[in-house]
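Asker: Input: one structure, supplied below.
Numbering (the UniProt record's numbering), first residue to last: 1 to 578.
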């Protein structure tokens, strides 16, 4: 049924298909910028700099004429290099300090005499065999400045959080089209500007702005395409916005493999989606937003254009649509005082009783866990051993089939019955990885791909499931607060990855515990497959208490004509962000 819906969408709705692919193409740039730091901010092997010219270098039992010849033998940060300068001085070079031997004439690796310890006032020497330049090597973000390097990804994710809130509100006020124009151009401009920043602080500020526009685009583009896509194909179309995001991750791996200088790498990533920036001005405003702003003539023009593209002989008339909607509104106000009231709902309504409060806590935990697991698996992929570029590429590629599986499973098995096993499977995979010997690189990589696959299914499914669990009066609020928890998870994820320095399996342990807890709590959530959407908190509570009786209830009455005409605009919307 799902595949037939997609086929119907592409065959009957040519205009919507063109708008869809043009819009989600730029979603690749969001995936690009979200994960660009995995190679741009990598820390290579390094030692403290030294004063003077080197005559000989010693590393354990190996000698060389230059430090560059030693890097292939470097195995641990605890190692040090012994050098002899042309003036006869002998120095021991550690990563964050250097020691001058006081009374040594012979060049030997082991020395137990007196040494004078000095700070790294002459800078650092970096291993450039893999990367010619990174932001770490350019601004010496090591030793006492290492914490600055570790803030690069969290500050970006903070920009993602703020940008989604700001641009989501602006899109409701000024329209989706204008925000898509601005954020698309902003991604290109700020992406290029990052490559030409002159110090660490300007780099972080410009990256923060880049994060805001990238997040803003992803949120608004999701709403934009769902307002154009018909009801039958909306699940598949919305889920595969994430697939284009994953393709952006794959591009990061490819460009990282080909370009080893960070600012050139950043420029190549930024121009990857330049064609969309040049043509995004051609995208129309959504008729749904135009109607909400009472711009009926503009809405009619867009509808007529859609009709010509889709070869519809009798296009919808805005006047007919408005009259149908007004009739529905009038009948609705006489039948339900709760929905017609002007009461403003707030976050406390998500905790109005024990049933709804428990549901809210569980949903928030799933959002947080999904985002945490998604970015822990993605950011950790370059540290798994083997080829880090191939690892990241595979971690992105594994998402493509996972969204297809999610779409099929959620329509066949149900939302809850799909979510529970994949969350628990994620936890089991995290535990399994801990027992795989570190020498089995291929097995470790495959297990991490399986973990990313399972958490990706859960992460993609929770968007729609949240919207179906809550009534109309607080549905947007529920999805919005859940999305905020998702972004909190993305901010925490980089810090979680840094815990590898404490224990290599600490990030996996945390993700596994959260996934297992989320899976267990999900058992208490009601199934929503085939159920009518609720309108009031009383109905939503009843759905959780008595699943059987609620499934037998008929959906609220609506005008068939209204539903038929509003379908092309996409009346039900869900806001999302990675």
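Here a beta-carbon is modelled for each residue, glycine too, at the ideal position from N, C-alpha and C.
Because the structure is a prediction, the values reported are computed rather than measured.
Can at least three beta-carbon pairs, one atom from the stretch 134-146 and one from the stretch 190-203, be found at a separation below 8 Å?
Answerer: The stretch 134-146 is in contact with the stretch 190-203.
Asker: Drop a sphere of 10 angstroms on the beta-carbon of residue 381, count the other beta-carbons inside from all chains shown, and report buried for 16 or more, exposed for fewer.
Answerer: When all chains shown are included, residue 381 counts as buried.
Asker: Judging by CA-CA distance, which residue of 403, 290, 89 and 377 is the nearest neighbour of residue 228?
Answerer: Per the Cα distances, 290.
Asker: From the DSSP output, read off the bridge partner residues of residue 90.
Answerer: In DSSP, residue 90 forms a bridge with 84.
Asker: For the alpha helix (DSSP H) containing residue 409, list its first residue and its last residue.
Answerer: Counting along the chain, the alpha helix (DSSP H) containing residue 409 begins and ends at 399-412.
Asker: May I ask you to report which of helix, strand or coil DSSP gives residue 459?
Answerer: The answer is helix: DSSP assigns residue 459 an H, G or I state.
Asker: Return yes when the Cβ of residue 452 is within less than 7 Å of the Cβ of residue 398, no when it is not.
Answerer: Yes. Within cutoff.
Asker: Less than 7 Å between C-beta atoms, sequence neighbours within five positions excluded: which residues of the same chain meet that for residue 541?
Answerer: Counting only Cβ-Cβ distances below 7 Å, and skipping sequence neighbours, we find 353, 355 and 356.
Asker: Spatial neighbours of residue 499 within its chain, please: C-beta separation below 8 Å, excluding the five flanking residues on both sides.
Answerer: If we look at residue 499 and ignore the five residues flanking it on each side, its Cβ neighbours are 506, 507 and 510.
Asker: Expressed to the nearest angstrom, what Euclidean distance is found between the alpha-carbon atoms of residue 28 and residue 241?
Answerer: Taking the straight line from one Cα to the other gives about 9 Å.
Asker: With residue 99 as the anchor, note down where its beta strand (DSSP E) starts and where it stops.
Answerer: Residue 99 -> beta strand (DSSP E) spans 98-101.
Asker: For residue 469 and residue 487, I'd like the C-alpha separation in whole angstroms.
Answerer: Distance between the alpha carbons of residue 469 and residue 487: 20 Å.
Asker: Are the CB atoms of residue 210 and residue 60 nearer to each other than 7 Å?
Answerer: No. Outside cutoff.
Asker: Taking residue 208 as the reference, give the member of 156, 418, 101 and 265 with the closest Cα.
Answerer: Closest by alpha carbon: 156.
Asker: Checking the sheet assignment: what are the DSSP bridge partners for residue 38?
Answerer: In the DSSP output, where bridge partners are listed per residue, residue 38 has none listed.
Asker: Give the C-beta separation of residue 107 and residue 148 to the nearest angstrom, bearing in mind that I take them to be a contact with Cβ-Cβ under 8 Å.
Answerer: With 8 Å as the limit, residue 107 and residue 148 do not qualify as a contact, their Cβ atoms being about 36 Å apart.
Asker: Once you ignore the five residues that flank residue 427 on each side, which residues in its own chain have a CB closer than 7 Å to its CB?
Answerer: Answer for residue 427: 512, 515, 516 and 519, listed in chain order.
Asker: To the nearest whole angstrom, what separates the beta carbons of residue 493 and residue 379, a pair I think is in contact under 8 Å?
Answerer: Contact flag correct, Cβ pair sits at about 7 Å.
Asker: Can you name the residues that DSSP bridges to residue 126?
Answerer: Answer is 46, bridged to residue 126.
Asker: Can you give me the Cβ contacts of residue 285 inside the same chain, cut-off strictly under 6 Å, excluding the 5 residues immediately before and after it?
Answerer: So the qualifying residues of the chain are 175 and 177.
Asker: Are there 16 or more other CB atoms within 10 angstroms of the CB of residue 141, so buried, or fewer, so exposed?
Answerer: Classification of residue 141: buried, given that the 10 Å Cβ count is 16 or more.
Asker: Can you look up residue 150 in the DSSP assignment and give me helix, strand or coil?
Answerer: Three-state DSSP puts residue 150 in a helix.
Asker: For a test of the three-state rule: what should DSSP assign to residue 117, helix, strand or coil?
Answerer: Strand at residue 117.
Asker: Mind checking who residue 350 pairs with in its DSSP beta bridge?
Answerer: Paired residues: none, contrary to the question.
Asker: Could you please give the first and the last residue of the uninterrupted alpha helix (DSSP H) stretch that includes residue 440?
Answerer: First-last for residue 440: undefined, no H or E at that position.
Asker: In terms of DSSP beta bridges, what is residue 54 paired with?
Answerer: DSSP output for residue 54 lists 85 as bridge partner(s).
Asker: Using three-state DSSP, classify residue 261 as helix, strand or coil.
Answerer: In this structure, residue 261 counts as strand in the three-state DSSP scheme.
Asker: Starting from the Cα of residue 267, find the closest Cα among 213, 189, 249 and 212 and give me that residue.
Answerer: When only C-alpha atoms are compared, the closest one is 189.
Asker: Under 7 Å, do residue 26 and residue 276 count as touching if we go by C-beta distance?
Answerer: For residue 26 and residue 276, yes; Cβs fall inside 7 Å.
Asker: Give the DSSP-derived three-state secondary structure of residue 421 in the structure shown.
Answerer: Correct three-state label for residue 421: helix.
Asker: Secondary structure at residue 20, three-state DSSP: helix, strand or coil?
Answerer: Helix.
Asker: For a minimum of 4 consecutive residues, which ranges assigned as the alpha helix (DSSP H) are wholly contained in the stretch 158-239?
Answerer: With a minimum length of 4 residues, the continuous alpha helix (DSSP H) runs that stay inside the stretch 158-239 are 176-195, 200-228 and 234-239.
Asker: Just to confirm, is the Cβ distance from residue 165 to residue 220 under 7 Å?
Answerer: For residue 165 and residue 220, no; Cβs fall outside 7 Å.
Asker: Only counting the same chain, and skipping five residues up and downstream in sequence, which positions put a Cβ closer than 7 Å to that of residue 250?
Answerer: Excluding positions up to five away in sequence, the list reads 393, 396 and 397.
Asker: Under three-state DSSP, which class holds residue 493?
Answerer: DSSP places residue 493 in helix when its eight states are reduced to three.
Asker: Going by C-alpha distance, which of 489, 524, 530 and 217 is nearest residue 153?
Answerer: Checking every option, the nearest Cα to that of residue 153 belongs to 489.
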